[in-house]
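Here's the structure we're looking at; comments come further down.
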Amino acid sequence: MKAWEKMCTGASRLMEKYAVQTCGYCPEIQVGPKGHRVRNCQAYKHQMRDGQHAWQEVVELFAQAGAPVETHYASMMREDVVIPEEAN
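Number 125 in our numbering belongs to position 77 of the sequence shown; there are no gaps in the numbering.
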C-alpha cells in the first residue's frame, strides 16, 4: 500500500487531467471520459450485462489484486461491482 501511495502523489496530478476507469470484470482500462459503452467485455457471466463493462474505481482494482486497503480508502470503492475481502 505504501508503494501505491507513493505512486498516487505523481499520478494524482495526471488523474486531475485524465480520468482512469477499470472494468470490474475484465482487465480492460479506459483513460479519458467515463468508460466507453462498447460491449466487448468477455469476462465470466458477461451475457448478464450484454457484454458491457462495469467501470470501477482504481482503489477497487488494487484491492482485487490483493493489496491491503486501509479504512480511509473504503469510501472510494464501488461495492456494487465487487466487494473485496478484508485483509486479516
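For each residue, glycine too, the CB sits at the ideal point set by N, CA and C.
On a predicted model such as this, the values are computed, not experimentally measured, just so you know.
*Going straight from the alpha carbon of R61 to that of E53, what length do you get?*
Answer to the nearest angstrom: the Cα atoms are 13 Å apart.
*For C71, the first and last residue of its enclosing beta strand (DSSP E)*: Per DSSP, the unbroken beta strand (DSSP E) holding C71 starts and ends at V68 to C71.
*What separation, rounded to the nearest whole angstrom, lies between the Cα atoms of C56 and M49?*
Taking the straight line joining both Cα atoms gives about 10 Å.
*asked:* To the nearest angstrom, how far is the alpha carbon of A67 from that of P116?
replied: The alpha-carbon atoms of A67 and P116 are separated by roughly 23 Å.
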